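Note that the protein sequences, when read in sequence, are chains U and H.
Counting along the first sequence from 1, when you hit position 9 you're at 480 in this note's numbering, and nothing is skipped either side.
Counting along the second sequence from 1, when you hit position 12 you're at 483 in this note's numbering, and nothing is skipped either side.
Ideal placement from N, C-alpha and C gives every residue a C-beta, glycine not left out.
Bear in mind the structure is a predicted one, so any value in this text is a computation, not a measurement.
Number of protein chains: 2
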Amino acid sequence: MSRSERLLDLIQCLRRHRRPVSGQTLANELGISIRTLYRDIATLQGQGAPIEGEAGLGYVLKPGFMLPPLMFSDEEIEAIVLGSRWVAKQPDRRLSAAAANALAKIAAVLPDDLREELDASTLLVGPPAAAIEGIDLGVVRQAIRNERKLAFLYRDAGGAASQRIVWPFALGFFDKVRVVVAWCEMRQDFRHFRADRIAELNAIDTRYPRRRQAMLREWRATIEKPRGS
Amino acid sequence: MSRSERLLDLIQCLRRHRRPVSGQTLANELGISIRTLYRDIATLQGQGAPIEGEAGLGYVLKPGFMLPPLMFSDEEIEAIVLGSRWVAKQPDRRLSAAAANALAKIAAVLPDDLREELDASTLLVGPPAAAIEGIDLGVVRQAIRNERKLAFLYRDAGGAASQRIVWPFALGFFDKVRVVVAWCEMRQDFRHFRADRIAELNAIDTRYPRRRQAMLREWRATIEKPRGS
DNA sequence: ACGGCTACTGCCAGAATCTGACAGTAGGCT
DNA sequence: AGCCTACTGTCAGATTCTGGCAGTAGCCGT
Numbered sequence: 472m473s474r475s476e477r478l479l480d481l482i483q484c485l486r487r488h489r490r491p492v493s494g495q496t497l498a499n500e501l502g503i504s505i506r507t508l509y510r511d512i513a514t515l516q517g518q519g520a521p522i523e524g525e526a527g528l529g530y531v532l533k534p535g536f537m538l539p540p541l542m543f544s545d546e547e548i549e550a551i552v553l554g555s556r557w558v559a560k561q562p563d564r565r566l567s568a569a570a571a572n573a574l575a576k577i578a579a580v581l582p583d584d585l586r587e588e589l590d591a592s593t594l595l596v597g598p599p600a601a602a603i604e605g606i607d608l609g610v611v612r613q614a615i616r617n618e619r620k621l622a623f624l625y626r627d628a629g630g631a632a633s634q635r636i637v638w639p640f641a642l643g644f645f646d647k648v649r650v651v652v653a654w655c656e657m658r659q660d661f662r663h664f665r666a667d668r669i670a671e672l673n674a675i676d677t678r679y680p681r682r683r684q685a686m687l688r689e690w691r692a693t694i695e696k697p698r699g700s
Numbered sequence: 472m473s474r475s476e477r478l479l480d481l482i483q484c485l486r487r488h489r490r491p492v493s494g495q496t497l498a499n500e501l502g503i504s505i506r507t508l509y510r511d512i513a514t515l516q517g518q519g520a521p522i523e524g525e526a527g528l529g530y531v532l533k534p535g536f537m538l539p540p541l542m543f544s545d546e547e548i549e550a551i552v553l554g555s556r557w558v559a560k561q562p563d564r565r566l567s568a569a570a571a572n573a574l575a576k577i578a579a580v581l582p583d584d585l586r587e588e589l590d591a592s593t594l595l596v597g598p599p600a601a602a603i604e605g606i607d608l609g610v611v612r613q614a615i616r617n618e619r620k621l622a623f624l625y626r627d628a629g630g631a632a633s634q635r636i637v638w639p640f641a642l643g644f645f646d647k648v649r650v651v652v653a654w655c656e657m658r659q660d661f662r663h664f665r666a667d668r669i670a671e672l673n674a675i676d677t678r679y680p681r682r683r684q685a686m687l688r689e690w691r692a693t694i695e696k697p698r699g700s
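Following this line, the structure appears as structure tokens:
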């Protein structure tokens, strides 16, 4: 196996183990000596891979995704750029910043003439959906990722307000509104909450008792065979 | 310079030259012998790069973008995936297919557990903006890329129809409608055309006399200091 | 404070790979 | 027919990679 292939394999190995791994273990998995492993790690770090080693513990790959070399067609890259621009205009600040960063990273590796074409690109996205949301959707996304409960004050369509504790598992992006999809403890059922009607949002540190993916599947089943509308 | 770096350089070289380049030229640019160049080309082709060589002509890189290894944070990859999903739901069939392909390519290189997370991802995009456009926006995008004229029948807000010949240079994606931005030969001015009011679209094979980017800049200047609205 | 585990570096000889040169085949272009 | 080019095989020398050894330093539990 060539060295460059092995370096990619090494990243995959590090991703498999979430906890710190000793260099010796990695060397065994790759079939190389410990000395060579140290050299490989140094090479990867030199190329910017966020690998951390601590004496007495082992190596960890800081969260992040290393994409290996990939081929995209013109239209595929156009699609990615257009999509990222759309996300960049969303009101969710953290996500929008992430989209802008991703765009910058992609632009940075394109040759000059193509970068210009992207900068002055011909696919434009309309103005941000001017939904004024008082809450930070980043909190919601984090709660979803970590399967944590959320508490907030909800003002429904009629104007009546109620305090809710919910188990969030999805976030929907519609034309004008963003919707938190969650299990509502009060109603004991799946409910959708428009982000612009949520106030006093607080993350609760307790994990909710079900798996996010299972809830998502169940919820999908209920909306895919609708009986009413 | 290490071999793997040189391979990336080789791709950049091929991208710079749009027309076929002889192997000898490339070898000179990279400072290697012609024999080694052949080996490098073979290696790249083995890794899937779309390089074509023809005897008597030279090498061409088929259009497409090879992205070198890139690091993205969790949120950046979430942003890219969400954006691509949005594009995948757009009515422009070719672009939407491209977005789906790009998503598949990204998913293919992620380790299993992360791929699952993406598949059952928690960021959803609402139903496609149900604008029924009778025309193929792919034709418009291609005309923009190649700086070619377009002819179509346009029905304006009042219902009056007129035959137009325009120089398209941008495509705007708004909440519900897509808008072609172009110089209108009839009005001798910049005009916006809603895609759902365009009929009998035909690409014309003649190039329009101005540069797309210059028109885009000029048009931007006119809308950034609006006097009316 | 101690020993065990680990990350990390410098060094060196053998192994593996890469490289350039030459010779030769085959295909496109004028 | 002649020129340019892509491509392959072979081989010796240059380059790089690799594994083992020795040594330094940091984290950990006892």
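* In the structure shown, what three-state DSSP assignment does residue 620 (chain U) receive? -> Working through the first sequence from its first residue, we reach residue 620 (chain U) at position 149. Here residue 620 (chain U) sits in strand by DSSP.
* Asked: Is the Cβ of residue 547 (chain U) closer than 9 Å to any Cβ of chain H?
  -> The count along the first sequence starts at 1 and reaches residue 547 (chain U) at position 76. Yes, residue 547 (chain U) counts as interfacial toward chain H.
* Helix, strand or coil: which one does DSSP assign to residue 671 (chain H)? -> The count along the second sequence starts at 1 and reaches residue 671 (chain H) at position 200. DSSP places residue 671 (chain H) in strand when its eight states are reduced to three.
* **The alpha helix (DSSP H) enclosing residue 606 (chain U), as first and last residue numbers** => Within the first sequence, the letter at position 135 stands for residue 606 (chain U). Unbroken run through residue 606 (chain U): none, as it is neither H nor E.
* chain H contact residues for residue 541 (chain U), given Cβ-Cβ distances below 8 Å -> Numbered from 1 along the first sequence, position 70 holds the residue referred to as residue 541 (chain U). Correct list: 537, 538, 576, 577, 580.
* Asked: Are residue 503 (chain H) and residue 487 (chain H) touching if we call contact CB-CB under 9 Å?
  -> For the purposes of this step, residue 503 (chain H) is taken as the residue at position 32 of the second sequence. For the purposes of this step, residue 487 (chain H) is taken as the residue at position 16 of the second sequence. No. Outside cutoff.
* Asked: Would residue 473 (chain U) be called buried (16 or more neighbouring beta carbons within 10 Å of its own) or exposed?
  -> Counted from its first residue, the first sequence places residue 473 (chain U) at position 2. Its Cβ having fewer than 16 others within 10 Å, residue 473 (chain U) is exposed.
* Name the residue from U:606, U:649, U:633 whose alpha carbon lies nearest to the alpha carbon of residue 658 (chain U). => Counting from 1 along the first sequence, the entry for residue 658 (chain U) is found at position 187. Closest option to residue 658 (chain U), Cα to Cα, is U:633.
* Inside the stretch 488 to 563 of chain U only - alpha helix (DSSP H) runs reaching at least 4 residues -> 494 to 501, 505 to 517, 545 to 559
* **Between the CA atoms of residue 665 (chain U) and residue 648 (chain U) - distance to the nearest angstrom** => As a working mapping, residue 648 (chain U) is identified with position 177 in the first sequence. As a working mapping, residue 665 (chain U) is identified with position 194 in the first sequence. Looking at the two C-alpha atoms, the distance is approximately 7 Å.
* Asked: How far does the beta strand (DSSP E) with residue 660 (chain U) in it reach, from first residue to last?
  -> Within the first sequence, residue 660 (chain U) is the residue found at index 189, counting from 1. Residues 660 to 665.
* Where the stretch 554 to 566 of chain U meets chain H: residues whose CB sits under 9 Å from a CB there -> 554, 555, 556, 557, 558, 559, 561, 565, 566
* If you run the structure through DSSP and keep just helix, strand and coil, what is residue 486 (chain H)? -> The residue you call residue 486 (chain H) lines up with position 15 of the second sequence. Helix, per DSSP.
* To do: Please list, in chain order, all residues of the same chain as residue 615 (chain H) whose beta carbon is under 8 Å from its beta carbon, the five residues on each side excluded.
  => For the purposes of this step, residue 615 (chain H) is taken as residue 144 along the second sequence, with counting starting at 1. Here the set comprises 639, 640, 641, 642, 683.
* Sort H:545, H:567, H:576, H:663 by Cα distance to residue 594 (chain H) and report the nearest one. => For this step, residue 594 (chain H) is matched to residue 123 along the second sequence. It is H:545 whose Cα lies nearest to the Cα of residue 594 (chain H).
* Based on Cα-Cα distance, which residue from H:612, H:628, H:691 lies nearest to residue 673 (chain H)? -> Here residue 673 (chain H) is taken as the residue at index 202 of the second sequence, counted from 1. Comparing Cα positions, the closest option is H:612.
* Return helix, strand or coil for residue 632 (chain H), following the three-state DSSP convention. => For this step, residue 632 (chain H) is matched to residue 161 along the second sequence. Residue 632 (chain H): strand per DSSP, three-state reduction.
* Look at the alpha carbon of residue 686 (chain H) and the alpha carbon of residue 568 (chain U), and state the distance between them as a whole number of angstroms. => Mapped onto the second sequence, residue 686 (chain H) falls at position 215. Mapped onto the first sequence, residue 568 (chain U) falls at position 97. Distance between the alpha carbons of residue 686 (chain H) and residue 568 (chain U): 29 Å.
* Asked: Exposed or buried, what is residue 653 (chain H) when buried is set at 16 or more other beta-carbons lying within 10 Å of its beta-carbon?
  -> Here residue 653 (chain H) corresponds to residue number 182 of the second sequence, with the count starting at 1. So residue 653 (chain H) counts as buried.
* Asked: Does the stretch 529 to 547 of chain H come close enough to the stretch 497 to 512 of chain U to have 3 or more Cβ pairs within less than 8 Å?
  -> no
* Top-ranked residue by Cα proximity to residue 549 (chain H), from U:675, U:541, U:625, U:558 -> Position 78 of the second sequence, counting from 1, holds the residue named residue 549 (chain H). Closest option to residue 549 (chain H), Cα to Cα, is U:558.
* Beta carbon of residue 689 (chain H) nearer than 9 Å to that of residue 644 (chain H) -> Position 218 of the second sequence, counted from the first residue, corresponds to residue 689 (chain H). Position 173 of the second sequence, counted from the first residue, corresponds to residue 644 (chain H). Not in contact: residue 689 (chain H) and residue 644 (chain H) (Cβ atoms no closer than 9 Å).
* By DSSP, does residue 693 (chain H) sit in helix, in strand, or in coil? -> As a working note, residue 693 (chain H) is residue 222 in the second sequence. If DSSP states are grouped into helix, strand and coil, residue 693 (chain H) belongs with the helices.
* To do: Report the neighbours of residue 477 (chain H) on chain U: residues whose CB is nearer than 7 Å to its CB, in chain order.
  => Here residue 477 (chain H) is taken as the residue at index 6 of the second sequence, counted from 1. Within 7 Å Cβ-Cβ: nothing; residue 477 (chain H) doesn't reach chain U, min ~11 Å.
* At a Cβ threshold of 9 Å, is residue 646 (chain U) touching chain H? -> The sequence position of residue 646 (chain U) within the first sequence is 175, counting from 1. With 9 Å as the cut-off, residue 646 (chain U) counts as an interface residue toward chain H.
* Option nearest residue 524 (chain U) by Cα separation, candidates U:506, U:539, U:507, U:491 -> By 1-based counting over the first sequence, the position of residue 524 (chain U) is 53. Ranking the options by Cα distance to residue 524 (chain U), first place goes to U:491.
* Asked: Hey, does residue 524 (chain H) have any beta-carbon neighbour from chain U nearer than 9 Å?
  -> Mapped onto the second sequence, residue 524 (chain H) falls at position 53. Residue 524 (chain H) does not count as touching chain U.
* Cβ separation of residue 519 (chain H) and residue 542 (chain U), assumed to be a contact under 8 Å, to the nearest whole Å -> For the purposes of this step, residue 519 (chain H) is taken as residue 48 along the second sequence, with counting starting at 1. For the purposes of this step, residue 542 (chain U) is taken as residue 71 along the first sequence, with counting starting at 1. At roughly 6 Å, the Cβ-Cβ gap stays under 8 Å, so residue 519 (chain H) and residue 542 (chain U) are in contact.
* Interface residues of chain U facing residue 501 (chain H) [CB-CB closer than 9 Å] -> Taking the second sequence and counting its residues from 1, one reaches residue 501 (chain H) at position 30. Ordered by position in chain U, no residue passes the 9 Å Cβ test against residue 501 (chain H), which lies about 16 Å from the chain.
* Whose CA, out of H:562, H:579, H:570, H:565, lies closest to the CA of residue 554 (chain U)? -> Taking the first sequence and counting its residues from 1, the one referred to as residue 554 (chain U) is at position 83. Among H:562, H:579, H:570, H:565, the Cα nearest to that of residue 554 (chain U) is on H:570.
* Just to confirm, are residue 538 (chain H) and residue 482 (chain U) a CB contact at a threshold of 9 Å? -> Locating residue 538 (chain H) in the second sequence gives position 67, where the first residue counts as 1. Locating residue 482 (chain U) in the first sequence gives position 11, where the first residue counts as 1. Result no, Cβ atoms of residue 538 (chain H) and residue 482 (chain U) do not sit closer than 9 Å.
* Asked: Start and end of the beta strand (DSSP E) containing residue 649 (chain U)?
  -> Taking the first sequence and counting its residues from 1, one reaches residue 649 (chain U) at position 178. From DSSP, the beta strand (DSSP E) with residue 649 (chain U) extends over 649 to 655.
* To do: Classify residue 563 (chain H) as buried or exposed, calling it buried when 16 or more other Cβ atoms lie within 10 Å of its own Cβ.
  => Stepping through the second sequence from its first residue, residue 563 (chain H) is reached at position 92. Residue 563 (chain H) comes out buried.
* In whole angstroms, what is the alpha-carbon distance linking residue 621 (chain U) and residue 551 (chain H)? -> As a first step, residue 621 (chain U) is located in the first sequence; it is residue number 150 there, counting from the start. As a first step, residue 551 (chain H) is located in the second sequence; it is residue number 80 there, counting from the start. Distance between the alpha carbons of residue 621 (chain U) and residue 551 (chain H) is about 26 Å.
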